[in-house]
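Take the sequence shown: its position 19, counted from the start at 1, is 19 in the UniProt record's numbering, and no numbers get skipped.
Structure first, then comments.
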Amino acid sequence: CEHKQLHLRCGRHRRIHVVSAIYGRTNRHTCGHGRVGTTSCKARHASFKVKRRCNGKRSCRIRASNGVFGDPCVGTFKYLKVRYQCKRPRYTHSKTVCEHNRLHLRCGRHRRIHVVSAMYGRTNRHTCGHGPIGTTSCKAGHASFKVKRKCNGKRSCRIRASNGVFGDPCVGTFKYLKVRYQCKRNHRG
Numbered sequence: 001c002e003h004k005q006l007h008l009r010c011g012r013h014r015r016i017h018v019v020s021a022i023y024g025r026t027n028r029h030t031c032g033h034g035r036v037g038t039t040s041c042k043a044r045h046a047s048f049k050v051k052r053r054c055n056g057k058r059s060c061r062i063r064a065s066n067g068v069f070g071d072p073c074v075g076t077f078k079y080l081k082v083r084y085q086c087k088r089p090r091y092t093h094s095k096t097v098c099e100h101n102r103l104h105l106r107c108g109r110h111r112r113i114h115v116v117s118a119m120y121g122r123t124n125r126h127t128c129g130h131g132p133i134g135t136t137s138c139k140a141g142h143a144s145f146k147v148k149r150k151c152n153g154k155r156s157c158r159i160r161a162s163n164g165v166f167g168d169p170c171v172g173t174f175k176y177l178k179v180r181y182q183c184k185r186n187h188r189g
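This is the structure we're talking about:
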C-alpha cells in the first residue's frame, strides 16, 4: 500500500527477475482502506524503475510512493504490485590459453556451450607474458564467429589457439585465446 515499503527476496543461489510492476490503482479492494477516486490509473515506467532497482539482486526494498513513481492519480490511495520470479543467475565462464595450446570448453550433463565472446591476439602484457610482446593492441577479426561456429550447442569443445585457425593479427607477438561462455540448458529431445 502507498507509503509502505515492499520487500522482494529470493533464496540462496537465486536472483530477482521482475516480470511486471504497477504503481497506481486498478481495483477497489486492494489496499481499499484509503480514498478511491479512480480504479484506472498506473504510473508510467513503474516496471522499468523496479527492474532497474531490483533485477539481479537477492533482496530488494522499494517504497510505494509518489516520490519514487510520480502521482498517476492525485487524491487516490495507491499501491505497488510487483510480479517477480527467483531465477538462477547465468554464470559466465572465462578460459584463456596461450598460443600453440588447445582450449577445452565443457559443460555438465544436459547443458550446452553458448559462446559469449572470443578474442585471439593480445590486449595486455601479463596474460601469457612469457613470449615476445611487440604490441598490446591486436585482435584477430572474426574470432568470436569462429569459436561460436565450432563450439555452440556442444557439451564439450576443443579449439587450438593458433594463427592457422585465427590468422595472425600481430606478427612476432606471442598471442593468446580468451573465451567467455555460458552453459545453457539443452532443450532438444
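Even for Gly, the Cβ is constructed at its ideal location relative to N, Cα and C.
| said: Give me the residue from C138, V74 and R158 with the minimum Cα distance to K95. | reply: Position 95 of the sequence shown, counting from 1, holds the residue named residue 95. Ranking C138, V74 and R158 by Cα distance to K95 puts R158 first.
| task | Report yes or no: do the segment 108-127 and the segment 167-183 share at least 3 C-beta pairs separated by less than 8 Å? | result | With a cut-off of 8 Å, the segment 167-183 and the segment 108-127 count as touching, because enough Cβ pairs lie within range.
| message | As an exercise, report each continuous alpha helix (DSSP H) stretch of at least 4 residues that is fully enclosed by the UniProt domain "SUEL-type lectin" (1-87), in chain order. | response | Correct list: 46-54 and 66-69.
| query | residue 240 and I22: beta carbons closer than 8 Å? | reply | The structure shown does not extend to residue 240, since the chain is modelled only from 1 to 189, so the question has no answer here.
| Under a Cβ-count criterion, where at least 16 other Cβ atoms within 10 Å of its own Cβ denotes burial, should Y91 be classed as buried or exposed? | Taking the first residue of the sequence shown as position 1, residue 91 is located at position 91. Its Cβ having fewer than 16 others within 10 Å, Y91 is exposed.
| field | Residue from V18, C151, R61 and E99 with nearest C-alpha to G131 | value | In the sequence shown, the residue the question calls residue 131 occupies position 131. Of the candidates V18, C151, R61 and E99, the residue whose Cα lies closest to the Cα of G131 is E99.
| task | Between the Cα of V19 and those of H104, G108 and K49, spot the shortest distance and give me the residue it belongs to. | result | Looking up residue 19 in the sequence shown gives position 19. If we check each option's Cα against that of V19, K49 comes out closest.
| query | Since H35 and F77 are thought to touch, with beta carbons under 8 Å apart, how far apart are those beta carbons, to the nearest angstrom? | reply | Position 35 of the sequence shown, counted from the start, is the residue given in the question as residue 35. Position 77 of the sequence shown, counted from the start, is the residue given in the question as residue 77. Residue identity check: residue 35 is Arg in the sequence provided, not His. About 5 Å separates the Cβ atoms of R35 and F77, confirming a contact at the 8 Å cut-off.
| said: Using only CA atoms, which one of R160, V82, V115 and T173 lies nearest to R149? | reply: The residue you call residue 149 lines up with position 149 of the sequence shown. Closest option to R149, Cα to Cα, is V115.
| said: So, for G153: in the same chain, excluding its five sequence neighbours on each side, which residues have a beta-carbon less than 6 Å away from its beta-carbon? | reply: Looking up residue 153 in the sequence shown gives position 153. Contacts found: R112.
| query | For the UniProt domain "SUEL-type lectin" (97-184), which segments carrying the alpha helix (DSSP H) assignment without a break, of at least 4 residues, lie completely within its bounds, in sequence order? | reply | Taken in chain order, the unbroken stretches of alpha helix (DSSP H) that lie wholly in the UniProt domain "SUEL-type lectin" (97-184) and span 4 residues or more are 143-151 and 163-166.
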